[in-house]
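**Student:**
Here it is as structure tokens:
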């Protein structure tokens, strides 16, 4: 496609009249002869022997520098001559550059940076580089090829590199105006250069020598164009193109303005008649650098957008060597132009940076390549020599630039003193070394400073403050940090003060700086927010780079999707833990392996190496720092305390209101009626919402673990509870097997003490399995990792939902590295402590996940589904709901700042990509289960509930599940993680019911027969297992990282006033909640209640007498698990 064809496409009637003009001067016949000769000369050489090298005089200074060719090349005269010519050109380019500190061709030019975004609908063959929607940072340089005067007639050029760097990048192109090059090999190139440098007469001679020369000159010259932008640039030379279909192709590129305006600067008829007179016209009044100034003004108004396109030629047997000739263009009818990428230029570069930036066509992606030439007469010799010469010349230019004062421009910028504070938080690390390897660039709406290396600064706390004076960029909207080869440092945030204006701007980072990090202002924004183009494209680039680091893992069938990382070292840098957290992570399992050292538990080997002799020994194992240690030991056998543990204990959302007696229950309702207070019947109590159930049928069919010499056991029980008149949750019946049958027994308080205690232990043991592997590991560890992966893959750091979630999700990846190793691998501490083995754990988690829906995360919905919304004395619910409402108020306030109506959610493509990724790759990736989250968000209420649920699950719910571990599970009989005997199928000692005492006040188990006591002790964990349980429970209840607590945001993800006001209100609410919880716990009193006393007799040892006694029951136990000041904001190990 010639310039004439492109002009017509843009609505211009411009014509290239060079041939008509030439015919006027030399006549038609002479024109035909010269044209024929030039075609023969440029097209016929490939089929002929290489022409002899013209012997030209070479300056003596160059003769001595030409290296002797290797012997291998002496046998290839074409390549020998090529290498000789290459060396001469390189030396000439280096000499010229070293003298003038400028490029061999192209004048000062103007540089800028921005982004290239590959188009969505790629119509050319698929390849590994130009993938749809791929974003590349770019640098661009516009310039004149020959003249420093912008008003002259000249070839205008553009160079672009796919990388914001001075040096090499993944893809670099050099393009000029005109569709064809005025040369086809090295000799013709030298002729052209000589003509351009020789003045008008020599250029005229060159034009008249061959009609194509004249045509191409007119095709490429632009006289005094309006703008560098409003021109069409072509690569002219071609490259190889390797697509996935393995079809060999050639490719050419061009870059065009996105508007449809005619190309400016095309030579009119009179100018074409004198095309060799390239000097500015006498009446031209614009300054020599007006194109540079115009480009500055254009960028100050808005970004500049180009379209990069390509043409493809499929290699065929009928091709001739001229197919690759830069002296020819490909017909657009056979070689259509395909859109490749939108190039959005946003920010000016200083002349200093532009001068240091190299552009070398040798830097190509794997799908593109240069064709190695056979001789200097090969069409491909041009690109080959360009690549070699550019590299050598750039090195010489850099050396020269280091010895001269910095270049100023492209305009006379004002300067501004800046203060740059780099805050490193608790992960400060390398403050001393950082200064030596740190460079900073400040970016404004249309320009940016040069990279500044700091030499002076002072330390304040965990921050480093530096001063710099640089060009005034206006309002700083972006900061780029470079780490030039030093150790990585963690940056929490950066504060830039424009000293003269007295304006400070904070840039949240929360990033490890390993090489280059770009951060933007803390003000949140969504895709529909109006902001600078550079920030809009930065969003796309940030998400592209994140998706390269955060990959989904789907290796565990039945599990939610997670992050594809098995070790801490495989984690993306920005979510790797700090050194202190790493030390804690690596030390946890070591401490668990030596629990007696970890907890200072005394060794008790004096009686028996393994079995615990009596309950006193279990009492001695309880650490001294356990809260209310005496109450735990004294009341653990009480049915009241047993029920309290299910209501406000470790697993508070396990109970469900009983709407009817389970079909699998072996005992009829009238048999349970006699266990209730006088006048009460089970069915009526169910209707009155006073009967609750703990159902562990999910454990059915799972086998126990084998740990060393021990075989651990578990049941799949169902527990029935009754809410009595004073608000106590009293166990009524426990069935240890799901299927009724001859061996299935319902255990009740009417059974002998040993049997009832054993049944309660198996119920607590089942709860321990579900608590750890379902409530804790699945619902807080695995699911939050799923949410975190989708969040980091789809939401940029500026998005308000990312800012809300990131403080809560950031540490889940590192925590889960350890958690997965312990729960999902063999030979872990879990294997030695819990009843379930590896396969059982995996099956349990998969079963639970198959039933999960996102309503399980929404506390009010979850309470309603379970019938717990009105349950009295449910202090977990009361505290949790206060915290839920506080969290939801914060989320609702911030979300409403960005989404006014439900319809606004549909416009936010990032948000919709987040929920879709969460649906498709996170929670519904196997497509085998009912929909767990919607694939699209259509309601603000749903968005607020989902975000609140994730935040709540990471912080409040996680703490509710772990805070009480030390204070409850360290007394083994109260919560045995493992049972060493199988669950009983009948009464252990049915003949002993008559006259058995039911006093629970004797720690030694007096009142039990020796056989019954030994049955309990032999079913409980031995000493070694007990110590490991205590160690594990203590470790899990501890806040292991000194990270932020709920309501603390040390990184200040949000910096604008409305969101800061919402966060401040959230903190005030948390303080109020804390005061109320403290006041409630302070006012608790013991409650007087009646306890049922049963006697047995008769042939079948049935209940023969029911009596009641008044007793003081310590029902009102302080609940401190959800004190806001004790709730970590994020999941730790």
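In UniProt numbering, the protein residues as written are 1 to 1133.
All C-beta atoms, glycine included, are put in the ideal place defined by N, C-alpha and C.
So, with DSSP's three-state summary, where would you put residue 1066?
**Tutor:** helix
**Student:** Please classify residue 834: does DSSP put it in a helix, a strand, or coil?
**Tutor:** coil
**Student:** With a Cβ-Cβ cutoff of 8 Å, do residue 263 and residue 221 count as a contact?
**Tutor:** no
**Student:** Would you grab the beta carbon distance between residue 561 and residue 812 for me? Rounded to a whole angstrom, and I think it's under 8 Å.
**Tutor:** So it is not a contact: roughly 14 Å between Cβ atoms.
**Student:** Straight-line CA distance for residue 223 to residue 925?
**Tutor:** 60 Å
**Student:** Does the Cβ of residue 238 have 16 or more other Cβ atoms within 10 Å, making it buried, or fewer, making it exposed?
**Tutor:** buried
**Student:** Could you tell me whether the Cβ atoms of residue 1084 and residue 1124 are closer together than 8 Å?
**Tutor:** No, Cβ-Cβ distance for residue 1084 and residue 1124 is not below 8 Å.
**Student:** Which ranges does the alpha helix (DSSP H) cover as unbroken runs of at least 4 residues, wholly within the stretch 166-230, from first to last along the chain?
**Tutor:** 186-197, 200-209 and 211-220
**Student:** If contact is defined by three or more beta carbon pairs under 8 Å, each pair taking one atom from either stretch, is the stretch 280-289 in contact with the stretch 437-448?
**Tutor:** no
**Student:** Got a sec? Which residues, its chain only, sit under 6 Å from residue 1001 by beta carbon, not counting five neighbours each side?
**Tutor:** Note that residue 1001 scores a pLDDT of 38, beneath 50, so its modelled location is shaky and nothing firm can be said.
**Student:** I need the straight-line Cα distance from residue 316 to residue 8, nearest angstrom please.
**Tutor:** 31 Å
**Student:** Starting from residue 507, follow the alpha helix (DSSP H) in both directions and report where the run begins and ends.
**Tutor:** Note, residue 507: premise wrong, no alpha helix (DSSP H); beta strand (DSSP E) at 503-513.
**Student:** According to DSSP, simplified to helix, strand and coil, what is residue 574?
**Tutor:** Three-state DSSP puts residue 574 in a helix.
**Student:** Alpha carbon to alpha carbon, how far is residue 1060 from residue 704? Give it in angstroms, no decimals.
**Tutor:** 52 Å
**Student:** Using the three-state DSSP reduction, which class does residue 646 fall into: helix, strand or coil?
**Tutor:** Note: residue 646 maps to helix in three-state DSSP.
**Student:** Just curious, the beta strand (DSSP E) that residue 422 is in, first and last residue?
**Tutor:** 415-423
**Student:** Could you have a look at residue 1147 and say whether DSSP puts it in helix, strand or coil?
**Tutor:** Outside the modelled stretch of the chain, which goes from 1 to 1133, sits residue 1147, for which no answer is possible.
**Student:** Within the same chain, show all residues whose beta-carbon is closer than 8 Å to that of residue 672, passing over the 5 residues directly before and after it, in chain order.
**Tutor:** 682, 720, 732, 733 and 748
**Student:** Give the straight-line distance between the Cα atoms of residue 443 and residue 414, rounded to the nearest whole angstrom.
**Tutor:** Whole-angstrom Cα-Cα distance: 15 Å.
**Student:** So, at 7 Å on beta carbons, what are the nonlocal neighbours of residue 314 in its own chain, with the 5 sequence-adjacent residues on each side left out?
**Tutor:** 247 and 249
**Student:** Taking 8 Å as the threshold (C-beta atoms), are residue 309 and residue 340 in contact?
**Tutor:** yes
**Student:** Among 725, 662, 689 and 801, whose alpha-carbon lies nearest the alpha-carbon of residue 735?
**Tutor:** 662
**Student:** For residue 949, tell me which candidate among 883, 916 and 973 has the shortest Cα-Cα distance.
**Tutor:** Checking every option, the nearest Cα to that of residue 949 belongs to 883.
**Student:** At the level of alpha carbons, what is the spacing between residue 653 and residue 645?
**Tutor:** 11 Å
**Student:** Run the CB neighbour count on residue 1121, radius 10 Å, all protein chains shown included, and call it buried at 16 or more, exposed below.
**Tutor:** Residue 1121 should be labelled buried.
**Student:** Return yes when the Cβ of residue 655 is within less than 8 Å of the Cβ of residue 868, no when it is not.
**Tutor:** In contact: residue 868 and residue 655 (Cβ atoms closer than 8 Å).
**Student:** Am I right that residue 192 and residue 206 are in contact with their C-beta atoms under 8 Å? What's the rounded C-beta distance?
**Tutor:** 7 Å
**Student:** Can you give the beta carbon distance from residue 829 to residue 1032, rounded, assuming they're within the 8 Å contact cut?
**Tutor:** In this structure residue 829 is in contact with residue 1032, their Cβ atoms being roughly 6 Å apart against a cut-off of 8 Å.
**Student:** Quick one: give me the first and last residue of the alpha helix (DSSP H) that residue 896 is part of.
**Tutor:** 875-898
**Student:** List in chain order: all unbroken alpha helix (DSSP H) runs of 4+ residues lying wholly within the stretch 897-923.
**Tutor:** 903-907 and 909-917
**Student:** Closer than 8 Å is the cut-off here; do at least three beta carbon pairs connect the stretch 499-518 with the stretch 771-783?
**Tutor:** As far as the Cβ criterion goes, the stretch 499-518 does not touch the stretch 771-783, which means the pair count is below three.
**Student:** Name the two residues that bound the continuous beta strand (DSSP E) containing residue 808.
**Tutor:** Counting along the chain, residue 808 falls outside any beta strand (DSSP E), though it belongs to the alpha helix (DSSP H) covering 800-809.
**Student:** Spell out the partners DSSP gives residue 493 in its beta bridges.
**Tutor:** The partner list for residue 493 (beta bridge, DSSP) reads 423 and 508.
**Student:** Which value, in whole angstroms, describes the spacing of the CA atoms of residue 66 and residue 31?
**Tutor:** Any reading at residue 66 is ruled out, since the residue's pLDDT is 29, under 50, leaving its predicted position unreliable.
**Student:** Please name the residue, chosen from 923, 111, 794 and 886, that lies closest to residue 450 on a Cα-to-Cα basis.
**Tutor:** 111
**Student:** Given that a residue counts as buried once 16 or more other Cβ atoms are within 10 Å of its Cβ, and exposed if not, what is residue 794?
**Tutor:** buried
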